[in-house]
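This report refers to the structure that appears directly beneath it.
Numbering (the numbering used here), first residue to last: 369 to 670.
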């Protein structure tokens, strides 16, 4: 039986090294304070001779570490809602900028495109970028004003831009509700939503247009499933933010109102048109908001 103790020590060292690799999912400050304690607990509970963490343990460590690193733990539900709504407004602004850029690129491909149209789209993009930067810097009132000007400016033709209207209502509510003197910044990391909302904007046009493609009809269930999973396992802000986008989609397919200056609607559409998508988007928004709220309350008690 020679070599038994050294073999057990070797097994424990290998297992400890692998646990430490998984624990890197936690923030560095958290690991410095509590990492050794958690590692000791994991090693004490491990069966003799084991060299690898189980799949269940690995998934649990990675999930908890990601939640600790990115999730709004130990905050009041009201704070979670405030942050989530800011993220939702940023997503809505990003989607509008992305769709405006798409229209602008389409005009550039057309020979002899009117300069006035290109200028109008360019002005819309400038409004959007300025509003997004202001929101990231925590200037909620400034962002609200810029969004309101963007809605009212003659750069918005066609139907009322419900993404912007939804963002404006969210931001106006936050400006009135947040009475603390300190500015609440929105992490610039959320600007990575720009490529996502570009895809969402394309999928939305496909879903609500005259035809459906298999790719677009699969895009939304997949995106909403990700939001649901993230809300349950990692961060309750994500389903609330996605719900903001879903509300805007519901308004887009239901209300057909000309924008404030130079607006028009498609001929033959009534001002309000209840469609199957109205009920679907409304139900999805309610589910996502409920998930986010319940998860925020649960995390506040941890």
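The beta carbon of each residue, even a glycine, is placed where N, CA and C say it ideally should be.
Proximity of the segment 643-650 to the segment 426-434 falls short of the contact definition, fewer than three beta-carbon pairs being nearer than 8 Å. The segment 382-441 contains, as complete alpha helix (DSSP H) runs of 4+ residues, the segments 404-413, 423-438 (chain order).
Taking 8 Å as the upper bound for CB-CB distance, residue 403 and residue 391 are in contact here, some 6 Å apart. Residue 473 carries a helical assignment under DSSP once its states are collapsed to helix, strand and coil. By the beta-carbon neighbour count (other beta carbons within 10 angstroms, threshold 16), residue 488 is buried. The beta carbon of residue 469 sits closer than 7 Å to those of 493, all from its chain and outside the five residues before and after it, given in chain order.
Per DSSP, the unbroken alpha helix (DSSP H) holding residue 485 starts and ends at 483-504. Beta-carbon to beta-carbon, residue 607 and residue 667 are separated by about 13 Å, too far to satisfy the 8 Å threshold. Bounds of any alpha helix (DSSP H) do not take in residue 625, whose DSSP letter is neither H nor E. Exclusion of the five residues before and after residue 615 leaves 534, 653 as the residues of its chain whose Cβ lies within less than 7 Å of its Cβ. In the assembly as shown, residue 542 is a buried residue. Its beta-carbon has 16 or more other beta-carbons within 10 Å.
The Cβ neighbour count for residue 451, taken over all protein chains shown within 10 Å, is at least 16; the residue is labelled buried.
Taking the Cα of residue 540 as reference, the smallest distance to any Cα among 384, 510, 611 is reached at 510. Inter-residue distance for residue 436 and residue 394 is about 6 Å (C-alpha atoms, whole angstroms). Residue 467 and residue 613 have their alpha carbons spaced roughly 14 Å apart. Here DSSP, grouped into helix, strand and coil, assigns residue 528 to coil. In this structure, residue 530 lies away from residue 406, with their beta-carbon atoms at least 8 Å apart. The beta carbons of residue 459 and residue 609 sit about 6 Å from each other, so the pair counts as a contact at 8 Å. About 7 Å separates the beta carbons of residue 449 and residue 664, which is inside the 8 Å limit, making them a contact pair. Taking a C-beta distance under 8 Å as the contact criterion, residue 506 and residue 465 do not qualify as a contact pair. Under a 10 Å Cβ-count criterion, residue 454 is classified as buried, with 16 or more other Cβ atoms of the shown protein chains found around its own Cβ. When rounded, the separation of the alpha-carbon atoms in residue 418 and residue 426 is 14 Å.
Of the candidates 657, 384, 396, 384 places its Cα closest to the Cα of residue 415. Spanning the alpha carbons of residue 519 and residue 498 requires a straight line of approximately 14 Å.
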